[in-house]
Structures are given as C-alpha cells and as structure tokens.
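These protein sequence lines map, in sequence, to chains A and B.
With our numbering applied, the first sequence corresponds to residues 1 to 233, in that order.
With our numbering applied, the second sequence corresponds to residues 234 to 655, in that order.
Written out below as structure tokens is the structure these notes cover.
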Amino acid sequence: MTMSTCVELKQLEFRWPGAQSALLSIPELTLARGERVILRGASGSGKSTLLSLIAGIHTAGPRQVQVLGHDLAQLSQHQRDRLRANEIGYIFQQFNLLPYLSAVANVTMACQFAPARRARLADADREASARQLLTRLGLTYAQQQQPAQQLSVGQQQRVAAARALLGSPALIIADEPTSALDQGHRDEFIKLLFEACDAQQTTLLFVTHDATLVPLFPRAIELDEINQAVTNV
Amino acid sequence: MFKLAWASLWNRRGSVWLTVLAIAVSTLLLLGVERIRVQTQDNFANTISGTDLIVGARTGSTELLLSSVFHIGNLSNTMSWQSYSYLQELPGVAWHIPMAMGDSVQGLPVIATNDSLFDYFRYGNKRPLEFAAGHNFAAANEVTVAVLGAEAASELGLRVADDLVIAHGTGEISFSNHEAHPFKVVGVLAATGTPIDRGVFIPLAGQGLVHGDYLPADVHGHDDSHEHEHGHAHNEPPVYTLSAVLLGLENPALALRLQRTVNTYKAEALSAIMPGLALQNFWRTLSLFERALVTISGLVVVTGLLGMLTTLLASLRERRREMAVLRAIGAGPITILGLLVFEALLVTLGGTLLGTLGLYAVLLFGADLLQSTLGIQVTASLLTKRELALLGAIIAAAILLSLYPAWRAYRNALADGLTVKI
C-alpha cells in the first residue's frame with residue numbers, strides 16, 4: 001500500500017450476523033488517489049454493504065479494509081466516525097439534506113464533525129467556501145438561502161455534492177446519486193461532479209445499477225465479477 | 234449541536250409547541266397546587282395564636298376547633314354561664330374571651346362576644362386585632378351594635394354607622410329575621426387573612442336581647458308576656474349559654490394541667506383543647522386530601538411528559554433519513570443519542586419556563602379572584618427550594634424518559650448506517 005492508494009480491500013469476507021453464507025468475498029480491490037471509478041451491480045448484490053464497510057459504518061476482519069492507510073478494523077467506532085467525517089464525502093440516492101436547513105447550511109454541516117475538513121478550507125469562513133462551491137455547481141444566491149425542501153431534486157443533489165466536496169475529502173462515495181434524476185440532469189450532474197473532483201484531486205467511487213453510465217468513467221468495476229461469494233437469493 | 238437541535242425542533246414546531254404547552258400546563262398545575270398547599274397550611278396555622286385553651290361543652294376537639302376558630306359548623310351543646318364564671322376563677326387564667334355562635338348575616342357567622350376579643354385575641358405571629366375604622370363595643374355604650382371583619386364589611390357593603398339585621402340560624406336565607414332589633418355598625422376590623430375577616434361580632438348582651446335572654450332595664454316590664462320577665466338582677470348574665478371560651482394563661486406550661494381540671498369538672502361536662510395541637514391533628518386529617526391533590530398534579534405532569542415521549546418516538550420514524558445524513562457526515566451514534574436527549578431538554582425547559590411564567594401571571598393577576606372565590610391567599614413570592622426541586626424533578630424525569638427514544642435512535646443509527654429503506 002502506497003500513499004497513492006485511497007481504498008484497498010484484501011481478502012474481504014463479510015457476512016451479516018446470523019447469515020448462512022458470506023455476502024461479500026472480494027480477494028482484492030484497490031482504488032488509487034484521484035481515480036474515478038464506477039462500481040456496477042444489480043440490486044441486492046451487496047453494493048450498499050460494501051459502501052458501508054468502506055465508510056466505516058460496519059466493520060470486517062483485520063486488514064481486510066484499508067482507507068488512506070488506516071485499517072478500519074483497528075479503529076474504534078469514534079475514530080471511524082471521525083475518519084469518515086474528515087475524509088469521506090457521501091452522496092445518497094436522494095433525501096441527502098436536512099430539509100429544514102438552508103442549502104448553504106446543509107453544505108457547511110459537512111465540517112460539523114470534521115476538523116480536518118475545516119482546516120483544509122480555502123476560505124477561513126465556512127459559509128463563504130460553501131457558497132463558492134454552490135455557485136460553481138450552478139445554484140443562485142437565492143437558491144442557496146432557501147430551505148432544502150423547497151429545492152428541486154436536481155438542485156438538492158447538487159447541494160449534496162457540494163456538501164460531499166467541501167473541505168476536500170480524499171474520497172467521495174456516491175450511492176446511485178442520479179437515479180432520481182432524468183437523463184439531462186443526470187449527465188450534467190456527473191459532469192459537474194467530475195470537474196469538482198478533478199479540481200480537488202478527490203477519488204470518486206460511483207455506485208450504480210445503471211449500465212448506461214459505465215462509458216462515462218475511465219474505470220468500471222462489475223461487482224459480480226470481483227465478488228466470489230455465491231449469491232443464492 | 235444546539236443549532237441543529239433547535240432547527241430540527243423548529244421544523245416540527247406544530248407538534249413541538251403542543252408538547253411544550255402540555256408540559257407548561259402540567260408544570261403550572263404542579264407548582265400552583267404546591268403553592269396553594271403550602272400557603273393554605275401557613276394561613277391555617279396562623280388563624281390563632283396566644284390562646285392556650287379553648288373550652289366548650291363536651292364534644293370532639295375538631296368540632297370545637299372548627300366552630301370556635303373557623304366559625305364553621307354548629308355546636309349542638311352549649312356551656313352554661315355558670316361554667317364560664319367557674320373558668321374565670323381558675324388559677325392562672327390571664328384572660329378569657331366568651332363566644333356564642335349560631336346566628337348569621339347573609340351566610341356570614343355572627344359571633345357574640347365582648348371586648349376581650351379585641352383586647353386579647355392574637356393571630357399569626359401574636360398579632361392583635363386592629364380597627365380599620367370605628368371602635369369596640371364599650372365605646373358605643375349600647376348593646377345593639379356590631380363590629381365587622383374586613384371581608385364581612387366589604388361583602389355586606391356596610392360601613393360604620395350603617396344598620397345591620399341579624400337572622401337566626403346559620404343559613405343564607407332565614408325565615409326568622411330579628412328585624413325588631415337592627416344592629417348599628419360601630420367598627421370595622423383591619424384584614425387579618427384569618428376567619429376573623431368573615432365574622433360579624435356583636436356584644437353578648439345584643440345576642441341575649443334578640444333571643445330574649447336579656448332585657449335592658451328600660452325594656453323590662455313593658456312586655457308582660459315575655460318569659461324572662463321575672464327577676465332580672467343587676468348581675469344577671471347577658472346570655473345563659475355560650476358556645477366556647479378562649480382562655481389565655483399566665484404560664485402556657487400550665488395548659489395541660491388546666492385542661493385536665495376542665496375536662497374533669499363535675500358540674501357540667503366540658504371539653505378543653507389546646508388549639509396548636511388540635512390544629513395539627515386537624516391538618517393531619519386534611520392531609521389525605523392534600524396528598525390526593527399533589528398526586529393528581531403529579532400524574533398530570535407524567536401525562537405531559539408521556540406526550541413528549543410520544544412526539545419524540547413518532548418523529549423517529551420520519552427522521553431516520555435525517556439520522557442517516559448525520560451519520561454520513563461523521564456524527565457518531567452517541568451524538569445522535571445526545572441530539573435527542575438535548576431536544577427533549579429544550580422542550581422541557583421551554584415547557585417548565587412557560588409554566589413558571591404562567592404561575593406568576595396567575596399569582597399577579599388572579600390573586601384577588603382566588604381570594605374572593607376560593608378564599609385562598611397566595612402571594613407571588615420567589616420560587617421556594619421545594620418548588621425548584623419540583624422543576625428539577627420534571628426536567629430530570631424528561632431526560633430520563635427521552636433516553637428511551639434516544640436509545641432507539643442510537644440503535645437505528647447503528648443498524649441502518651447509511652442505508653435507510655423507507
């Protein structure tokens with residue numbers, strides 16, 4: 001593992017407590033820093049579980065999951081939460097935002113539990129940094145002030161992207177972020193995400209079941225191909 | 234964290250307001266009941282002081298206490314004037330106040346007595362009675378005169394020099410008005426906050442006159458059919474019977490011995506009670522009612538808090554997304570737990586604060602109404618230690634209760650992680 005490695009999986013075996021067989025069994029997977037990877041898999045293939053392992057919500061065995069050189073199994077719950085806060089931006093399929101906060105407040109919240117991200121901000125003022133990012137992602141000043149629940153789904157996803165990007169985390173995990181968008185908005189969203197990731201040298205792990213997105217990414221991984229666990233649903 | 238909890242509550246302000254209101258009302262009730270309870274007890278203990286013994290015909294101590302001090306109820310037995318003379322002669326008796334009850338003026342008790350009442354009666358911290366206007370019986374030099382308690386005067390709308398008609402019996406409406414003998418108001422007492430305020434005081438001779446016990450010299454002989462026409466010597470008593478006598482002793486330590494002497498008096502069956510002890514006993518019998526009141530208001534608080542618990546639990550389901558978002562940006566499960574406890578704390582603090590403000594609003598603006606309708610005296614004094622402890626208990630109970638939804642949220646946060654299926 002070198003410093004240019006962002007995520008490294010080795011002999012990952014994971015089963016839910018009480019489950020008969022392993023859900024995930026991945027001999028090896030490495031994501032380099034700054035890489036843009038699309039991970040494709042059908043529903044129920046273990047995508048979400050894999051993401052929660054990388055994000056440190058759940059843990060696998062020792063040395064099986066390493067993020068930025070940290071063996072997640074060796075970290076305490078609090079340390080994993082802190083690592084996620086500092087180094088991982090997470091974008092959900094939808095409902096990414098706290099509906100009662102304004103768009104800009106949703107973005108600055110990324111720094112709430114993340115001292116490292118606060119320290120990395122170009123502008124000392126969190127709100128100013130969040131505004132820059134939102135403006136770059138195409139939200140007007142007025143939209144930035146609105147409560148998140150009043151924005152359209154497309155706008156909400158861009159706010160979610162801004163929150164994931166603020167403070168330049170090393171990795172962005174996007175879990176089907178475009179599934180609620182129509183094709184026009186989808187392509188535009190991915191374009192904006194790429195630009196922002198390039199600007200910050202951020203690794204992007206984009207997860208989808210949609211095969212039509214695969215050609216847009218330099219590297220594509222089929223979960224079924226790397227996962228050797230026998231899935232008998 | 235505070236901002237987040239606040240924003241989240243604000244987002245759900247409709248149901249949150251109702252919860253705050255429920256807690257406010259229950260707090261108001263609890264503090265109100267507590268205050269009325271304490272102040273009633275204080276008022277109660279202040280009704281009489283300095284009197285060492287109360288003597289009446291043989292009866293229960295509560296009956297004697299109620300009729301002589303609170304002017305409530307009717308003593309069926311009376312003691313004779315001869316016994317009163319005997320009491321006066323007992324060694325160590327410093328002063329004595331005779332009382333004859335049974336009449337009323339528009340529901341207010343009429344107490345026939347003498348000027349000893351105004352000279353020797355003490356209440357609260359040994360405070361004497363004071364005249365707000367006018368003077369006592371002796372200065373009037375007549376028998377058909379009356380002195381009114383402060384409340385009685387305002388309720389009857391009478392002032393010094395006005396006329397007053399006394400009815401026989403204690404009912405509000407009476408068929409036998411003693412209209413033949415209107416009484417003239419010669420004095421009005423200052424307010425005391427005791428049952429004295431509601432009393433109408435007339436001289437014993439005045440009562441004797443309306444009941445036909447006593448005939449002044451000029452009336453004597455004009456009415457031949459009168460049954461007491463014969464033999465009115467100069468030392469004839471103004472009334473033949475009394476309801477009670479209050480005794481003050483030169484040495485209060487003698488009270489116990491004197492009580493036994495009176496209780497074993499052979500010529501007439503008498504009861505002597507020590508007012509302090511009797512008041513305590515009586516209060517103890519009331520404490521059941523008092524405890525019920527406190528229990529009910531306590532249960533209302535529990536209801537208010539359960540309402541909050543329900544609101545919190547109901548909100549958890551719709552907030553699982555919110556929790557997942559917070560987890561995604563690095564909030565630990567403990568933070569989620571803390572957030573919910575903190576929300577409950579905010580709601581309860583808001584509720585108790587509002588309830589306390591409500592209490593003071595009631596005390597400041599409703600004190601007169603309480604006094605006039607329920608006869609309860611309350612003052613808007615600072616919160617007592619006990620009241621602060623009650624508030625603390627409400628808040629502590631709220632935090633304790635909120636641990637359940639908080640723990641549920643914690644569990645959800647651990648189990649759901651970042652994937653919530655709704």
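Glycine included, every Cβ here is placed at the ideal spot set by N, Cα and C.
Query raised in the report: Would you report the Cα separation of glutamine 183(A) and alanine 73(A), rounded to the nearest angstrom?
Result: Counting from 1 along the first sequence, the entry for residue 183(A) is found at position 183. Counting from 1 along the first sequence, the entry for residue 73(A) is found at position 73. Taking the straight line joining both Cα atoms gives about 39 Å.
Requested in this report: Identify every residue that forms a DSSP beta bridge with valine 67(A).
Outcome: Counting from 1 along the first sequence, the entry for residue 67(A) is found at position 67. Paired residues: Val7(A), His70(A).
Query raised in the report: Roughly how many whole angstroms lie between the Cα atoms of glutamine 20(A) and glutamate 13(A)?
Result: Against the first sequence, residue 20(A) aligns to sequence position 20. Against the first sequence, residue 13(A) aligns to sequence position 13. If I take the Cα positions, the gap works out to 13 Å.
Query - Cα-Cα separation, leucine 488(B) to leucine 510(B) - result: Locating residue 488(B) in the second sequence gives position 255, counting from the first residue. Locating residue 510(B) in the second sequence gives position 277, counting from the first residue. Checking the sequence, you will find alanine at residue 488(B) rather than leucine. In a straight line, the C-alpha of alanine 488(B) is about 12 Å away from that of leucine 510(B).
Query raised in the report: Between glycine 464(B) and the rest of its own chain, which residues show a CB-CB distance below 7 Å, the 5 nearest in sequence each way excluded?
Result: Residue mapping note: residue 464(B) aligns to position 231 of the second sequence, counting from 1. Only weak support exists for where glycine 464(B) lies, its pLDDT of 43 falling under 50; the value from the coordinates is given anyway. Once the five neighbours on either side are set aside, glycine 464(B) has no close Cβ partner at all.
Query raised in the report: So what does DSSP say about aspartate 396(B), is it helix, strand or coil?
Result: As a position in the second sequence, residue 396(B) is number 163, starting the count at 1. In the structure shown, the three-state DSSP call for aspartate 396(B) is strand.
Query raised in the report: Among residues of its own chain, excluding the 5 on either side of alanine 130(A), which ones have a beta-carbon nearer than 7 Å to its beta-carbon?
Result: Start at 1 with the first residue of the first sequence, and residue 130(A) comes out as number 130. Around alanine 130(A): Val104, Val107, Thr108, Ala162, Leu166.
Query raised in the report: Does any C-beta atom of chain B lie closer than 9 Å to the C-beta of leucine 51(A)?
Result: Locating residue 51(A) in the first sequence gives position 51, counting from the first residue. Among the CB atoms of chain B, one or more fall inside 9 Å of the CB of leucine 51(A).
Query raised in the report: Is glutamine 20(A) helix, strand or coil by DSSP?
Result: As a position in the first sequence, residue 20(A) is number 20, starting the count at 1. Of the three classes helix, strand and coil, the one that applies to glutamine 20(A) here is coil, per DSSP.
Report task. Taking all protein chains shown into account, decide if leucine 651(B) is buried (16 or more other Cβ within 10 angstroms of its Cβ) or exposed. Result -> Translated into positions along the second sequence, residue 651(B) becomes position 418. Note on leucine 651(B): 16 or more other CB atoms within 10 angstroms of its CB, so buried under the neighbour-count rule.
**Report entry** chain A contact for threonine 568(B) (CB, 9 Å cutoff)
**Finding:** By one-based count along the second sequence, residue 568(B) stands at place 335. So, interface residue.
**Report entry** C-beta contact flag for phenylalanine 92(A) and alanine 160(A) at 9 Å
**Finding:** For the purposes of this step, residue 92(A) is taken as residue 92 along the first sequence, with counting starting at 1. For the purposes of this step, residue 160(A) is taken as residue 160 along the first sequence, with counting starting at 1. For the 9 Å CB-CB criterion, phenylalanine 92(A) and alanine 160(A) form a contact.
Report task. Using a Cβ-Cβ cut-off of less than 7 Å, give me the residues of the region 104-122 of chain A that come near chain B, in sequence order. Result -> Within the region 104-122 of chain A, contact with chain B at the beta-carbon level (separation under 7 Å) is assigned to Met109, Ala110, Gln112, Phe113, Ala114.
Query raised in the report: For alanine 626(B), does the three-state DSSP call read helix, strand or coil?
Result: On the second sequence, position 393 is the one that residue 626(B) refers to. Residue state, collapsed to three classes: helix.
Query raised in the report: In the DSSP assignment, what are the bridge partners of aspartate 175(A)?
Result: Residue numbering aside, residue 175(A) sits at position 175 when the first sequence is read from its first letter. When DSSP reads this structure, aspartate 175(A) sits in a beta bridge with Val207(A).
Query - Contacts that leucine 98(A) makes with chain B (C-beta to C-beta distance below 7 Å) - result: Numbered from 1 along the first sequence, position 98 holds the residue referred to as residue 98(A). Those within 7 Å of leucine 98(A) in chain B are Glu555, Val558.
Query raised in the report: Can you find a CB in chain B that lies within less than 9 Å of the CB of phenylalanine 194(A)?
Result: Your numbering for residue 194(A) matches position 194 in the first sequence. It does not: the Cβ of phenylalanine 194(A) has no partner Cβ on chain B nearer than 9 Å.
Query - Under 8 Å from the C-beta of serine 241(B): neighbouring residues of chain A - result: To locate residue 241(B), count along the second sequence from 1; it is residue 8. Think of a sphere of 8 Å around the beta carbon of serine 241(B): the chain A residues whose beta carbon falls inside it are Leu98, Tyr100, in chain order.
Requested in this report: Let me know the secondary structure DSSP gives alanine 36(A) once reduced to three states.
Outcome: Translated into the one-based positions of the first sequence, residue 36(A) becomes position 36. This sequence places arginine at residue 36(A); alanine is not what is there. The three-state reading of DSSP puts arginine 36(A) in strand, counting E and B together.
Requested in this report: Let me know if asparagine 514(B) comes out buried or exposed under the rule of 16 or more other beta-carbons within 10 Å of its beta-carbon.
Outcome: Mapped onto the second sequence, residue 514(B) falls at position 281. Counting every other CB atom within 10 Å of its CB across the protein chains shown gives asparagine 514(B) a total below 16, marking it as exposed.
Query raised in the report: Does the beta-carbon distance from valine 380(B) to valine 302(B) come in below 9 Å?
Result: Here residue 380(B) refers to the residue found at position 147 when the second sequence is read from its first residue. Here residue 302(B) refers to the residue found at position 69 when the second sequence is read from its first residue. If you check the CB distance, valine 380(B) and valine 302(B) do not come in under 9 Å.
Query - Chain-order list of residues whose beta-carbon lies under 7 Å from that of leucine 83(A) (same chain, five-residue window excluded) - result: Residue numbering aside, residue 83(A) sits at position 83 when the first sequence is read from its first letter. Result list for leucine 83(A): Gly56, Val67, His70, Leu75, in chain order.
Query raised in the report: Which two residues bound the contiguous beta strand (DSSP E) that contains phenylalanine 364(B)?
Result: Locating residue 364(B) in the second sequence gives position 131, where the first residue counts as 1. Element bounds for phenylalanine 364(B): 364-367.
Query raised in the report: Per DSSP, alanine 345(B) is paired with what?
Result: Along the second sequence, one-based indexing puts residue 345(B) at 112. For alanine 345(B), which the question treats as bridged, DSSP gives the partners Ala333(B), Ile435(B).
Query raised in the report: Can you tell me where the alpha helix (DSSP H) with glutamate 87(A) in it begins and where it stops?
Result: Mapped onto the first sequence, residue 87(A) falls at position 87. For glutamate 87(A), the enclosing alpha helix (DSSP H) stretches over residues 77-87.
**Report entry** Residue span of the beta strand (DSSP E) that contains phenylalanine 416(B), given as start and end
**Finding:** Counted from its first residue, the second sequence places residue 416(B) at position 183. Counting along the chain, phenylalanine 416(B) sits inside the beta strand (DSSP E) bounded by residues 416-422.
Query raised in the report: What residues of chain B sit near phenylalanine 95(A), judged by a beta carbon separation below 7 Å?
Result: As a working note, residue 95(A) is residue 95 in the first sequence. Those are Arg554, listed as they occur along chain B.
Query - Interface positions of the region 55-81 of chain A facing chain B (Cβ-Cβ less than 7 Å), listed along the chain - result: Contacts with chain B (Cβ-Cβ distance below 7 Å) from the region 55-81 of chain A involve Ala55, Ile57, His58, Gln77, His78, Asp81, listed in chain order.
Query raised in the report: Got a sec? Which residues, its chain only, sit under 7 Å from arginine 15(A) by beta carbon, not counting five neighbours each side?
Result: Counting from one through the first sequence, the residue named residue 15(A) turns up at place 15. Correct list, in chain order: Ser21, Ala22, Leu23.
Query raised in the report: Does any CB atom of chain C fall closer than 9 Å to the CB of asparagine 645(B)?
Result: Protein chains in the displayed structure are A and B, and chain C is not among them.
Requested in this report: Might you give, ordered along the chain, the residues of its own chain that have their beta carbon closer than 7 Å to the beta carbon of proline 470(B), omitting 5 neighbours on each side?
Outcome: Counted from its first residue, the second sequence places residue 470(B) at position 237. Excluding residues within five positions, the ones whose Cβ falls inside 7 Å are Trp314.
Query raised in the report: In chain A, which residues lie with their C-beta within 8 Å of the C-beta of asparagine 244(B)?
Result: Taking the first residue of the second sequence as position 1, residue 244(B) is located at position 11. Ordered by position in chain A, the residues that pass the 8 Å Cβ test against asparagine 244(B) are Pro99, Tyr100.
Query raised in the report: Name the chain B residues whose beta carbon is nearer than 7 Å to that of tyrosine 90(A)?
Result: Translated into the one-based positions of the first sequence, residue 90(A) becomes position 90. Chain-order list of chain B residues neighbouring tyrosine 90(A): Ala561, Leu651, by C-beta distance under 7 Å.
Query raised in the report: With a cut-off of 9 Å, does the C-beta of alanine 128(A) fall near any C-beta of chain B?
Result: In the first sequence, the residue the question calls residue 128(A) occupies position 128. It does not: the Cβ of alanine 128(A) has no partner Cβ on chain B nearer than 9 Å.
Requested in this report: Grab the span of the alpha helix (DSSP H) containing isoleucine 256(B) for me, first residue to last.
Outcome: On the second sequence, position 23 is the one that residue 256(B) refers to. Unbroken alpha helix (DSSP H) run through isoleucine 256(B): 246-278.
Query raised in the report: What's the call for threonine 612(B), buried or exposed, on a 16-neighbour Cβ count within 10 Å?
Result: Mapped onto the second sequence, residue 612(B) falls at position 379. Threonine 612(B) comes out exposed.
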